[in-house]
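Residue numbers (the numbering used here): 124 to 415.
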C-alpha cells in the first residue's frame with residue numbers, strides 16, 4: 124500500500140501502512156489510508172453500507188488482500204475526517220476551505236456536524252479565520268444553517284460594497300438565499316441610522332477640576348462634524364472597534380492636553396475614563412452583526 128501520493132502527502136498514524144486496519148480508503152488524489160471498518164461503520168451508516176457492498180470491477184484488493192475503496196475527498200480532508208471519527212487526539216483545523224470540505228464530507232457520510240463543531244471551537248474563535256474570506260464565511264455558514272457562526276461572520280463584512288451587483292450576486296449564489304444579502308443590507312441601514320446617536324455621546328463641555336488659583340478649566344472640543352462622522356464610520360468597519368483611544372474614535376480632544384498640575388491631570392484622566400465607559404456602553408448597543 125502506498126503511504127504517500129505524488130505530492131508526498133504524509134499519512135499520520137493510525138492510518139499509515141503500519142496500522143492494524145482491515146480496509147483501505149483511497150483518496151481522490153490516490154493517497155491510501157488504512158482504516159478500521161468497525162470504527163468507521165460505528166460512526167457512519169454510509170461507511171457501513173459501503174463496506175457491505177461487493178467490490179467494484181477493477182478495484183478489489185491490494186497486494187496484502189485488503190479491500191480498497193475509492194472515495195472522492197482529497198487526502199488532507201480525508202485524514203482530518205478520519206481523525207474526527209477516531210477516538211484519538213483532535214485534528215488541528217485552521218483554514219476556511221478545509222472547514223467547507225469537512226462540512227460537505229460530514230453531510231455526505233451522515234456524520235453529525237455537532238461533533239465537527241466541537242473540533243472547530245478553537246478556529247471559530249480565531250479572528251484571523253473570519254478575516255480570511257469574510258463574505259464567503261458568512262454565505263457558507265448561512266447556507267448550512269450555522270446561525271451563531273453566520274452572525275459572527277457578519278461582523279467582518281462591513282467593508283464590502285453590497286450594492287455592487289457582482290458582490291450581491293456572488294453572495295446570493297454562495298448562500299443559496301437572497302435573505303442572506305437582505306440581512307446584511309438591513310444591518311448596513313441600521314448602522315447608518317445609529318451613527319448619529321453614537322456621535323452624540325460626546326458633547327462640547329467646559330469644566331473645572333482644580334481649585335488652585337490661576338489654573339484654567341478643561342474643555343471638550345469636537346472636530347468638524349462631517350469629518351467626525353466619516354472617520355467614525357471608517358473605524359466602525361472593524362469587526363471589533365478599538366475603544367481605547369476614544370478621542371480618535373469619536374473625533375474630539377480635551378484641552379489642554381498637557382498638564383503640569385497633578386490634580387488637573389488626574390481630572391483629565393478621570394474624565395476620559397468616564398467618556399470611555401459611555402462609549403463602550405454605546406457601542407454595545409450599536410448594530411455590529413445581523414440579528415438571529
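Just so you know, even glycine gets a beta-carbon here, dropped at the ideal spot from N, CA and C.
Small disclaimer: the values here were computed from a predicted structure and weren't measured.
Worksheet item: When you compare each of 346, 203, 357 and 349 to residue 223 by their alpha carbons, which one comes out closest?
Response: 203
Worksheet item: Which residues in the same chain as residue 197 place their Cβ atom closer than 7 Å to its Cβ, once the five residues preceding and following it in sequence are excluded?
Response: 150, 151 and 152
Item to complete: Return the first residue and the last residue of the beta strand (DSSP E) that residue 222 is part of.
Response: Counting along the chain, residue 222 falls outside any beta strand (DSSP E), though it belongs to the alpha helix (DSSP H) covering 219 to 231.
Worksheet item: In chain order, what residues of the same chain lie with their CB nearer than 6 Å to the CB of residue 206, ignoring the 5 residues before and after it?
Response: 214
Worksheet item: Cβ of residue 384 versus every heavy atom of the ligand COA: is any distance shorter than 6 Å?
Response: Ligands displayed in this structure: none; no statement on the ligand COA is therefore possible.
Worksheet item: Where does residue 328 fall in DSSP's three states?
Response: strand
Fill in: Run of the alpha helix (DSSP H) containing residue 194, from where it starts to where it stops
Premise fails: residue 194 is in no alpha helix (DSSP H) and is neither H nor E.
Worksheet item: Is the stretch 258 to 274 touching the stretch 296 to 312, taking contact as three or more C-beta pairs under 8 Å?
Response: yes
Practice prompt. Express the C-alpha separation of residue 148 and residue 371 in angstroms, rounding to a whole number.
Written response: 58 Å
Fill in: DSSP state of residue 127 mapped onto helix, strand, coil
Note that residue 127 has pLDDT 43, beneath the 50 cutoff, so the model's placement of it is unreliable and the number below is only indicative. Looking at residue 127 - three-state DSSP - the assignment turns out to be coil, as it is neither helix nor strand.
Practice prompt. Please classify residue 383: does DSSP put it in a helix, a strand, or coil?
Written response: coil
Discussion item. According to DSSP, is residue 146 part of a helix, a strand, or is it coil?
Written reply: strand
Worksheet entry | Beta-carbon proximity list for residue 142, same chain, < 6 Å, skipping 5 on both sides | 157
Worksheet entry | Reference residue 359, options 348, 346, 347 and 373, closest by Cα | 373
Worksheet item: Would you call the stretch 352 to 369 and the stretch 327 to 334 touching, i.e. three or more CB-CB distances under 8 Å?
Response: no
Worksheet item: Is the distance from the Cβ of residue 411 to the Cβ of residue 278 below 7 Å?
Response: yes
Worksheet entry | Ranges of the beta strand (DSSP E) found wholly within the stretch 254 to 316, counting only runs of at least 3 | none
Worksheet item: Which residues does DSSP pair with residue 344 in a beta bridge?
Response: 376
Worksheet entry | Per-residue DSSP class, three states only, for residue 401 | helix
Worksheet item: From this set, 145, 396, 211 and 172, which residue's C-alpha is nearest residue 188's C-alpha?
Response: 145
Worksheet item: Three or more beta-carbon pairs under 8 Å between the stretch 281 to 290 and the stretch 387 to 396, yes or no?
Response: no
Worksheet item: When burial is assigned at 16 or more other CB atoms within 10 Å of the CB, is residue 390 buried or exposed?
Response: buried
Discussion item. One question on the structure: do residue 194 and residue 216 come within less than 7 Å of each other, judged by their Cβ atoms?
Written reply: no
Worksheet item: Does the distance from the C-beta atom of residue 307 to that of residue 280 stay below 7 Å?
Response: yes
Worksheet item: Can you tell me where the beta strand (DSSP E) with residue 157 in it begins and where it stops?
Response: 155 to 158
Practice prompt. Verify whether the separation of the beta carbon atoms of residue 401 and residue 344 is less than 7 Å.
Written response: no
Worksheet item: For residue 239, which three-state DSSP category applies?
Response: helix
Worksheet entry | Option nearest residue 290 by Cα separation, candidates 312, 272 and 261 | 261
Worksheet item: Exposed or buried, what is residue 275 when buried is set at 16 or more other beta-carbons lying within 10 Å of its beta-carbon?
Response: buried
Practice prompt. Return the CA-CA distance between residue 230 and residue 160, expressed in angstroms with no decimal places.
Written response: 19 Å
Worksheet entry | Close Cβ partners of residue 346 (< 6 Å) along its chain, the five nearest in sequence each way excluded | 374
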